[in-house]
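Residue numbers (this note's numbering): 4 to 89. Note that the Cβ used here is the ideal one computed from N, Cα and C, for glycine as well.
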Amino acid sequence: IAPLEAMASGLPLVAPNRGGVLTYAKPNNAWLAEPEPAAFAEAVEDTFTNPERQDRIQRAMETAAQYHWHAVASRYMDLYDRLALG
């Protein structure tokens, strides 16, 4: 959840380019890097110099909003309704 919280807060997200975080972190809303120190350092530097920084952060905030409690709860209730009504 910490990566989504960073995205929701408008912080640039540097994350590994594999694993569960990829369900929502994409190249257009985060800085994805190979899970090695040099790659992470390069991605962190890019968060300060990338001319598309603000656009990427805005897309990250939009992505995080999809996981807001109200949106998630609504999807769960819809699922329960579909299961109950079969």
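Pairing alanine 36 with proline 6 gives a Cβ-Cβ distance that is not under 8 angstroms. Contact check for tryptophan 34 against alanine 42 fails: the beta carbons are separated by 8 angstroms or more. Between asparagine 32 and arginine 62, the CB-CB gap stays under 8 angstroms. Between threonine 66 and methionine 10, the beta carbon gap of about 6 angstroms places them in contact (Cβ cut-off 8 angstroms).
In the DSSP annotation of this structure, the continuous segment of the alpha helix (DSSP H) that includes proline 6 starts and ends at 5-11.
The C-alpha of leucine 16 lies about 26 angstroms from the C-alpha of serine 77.
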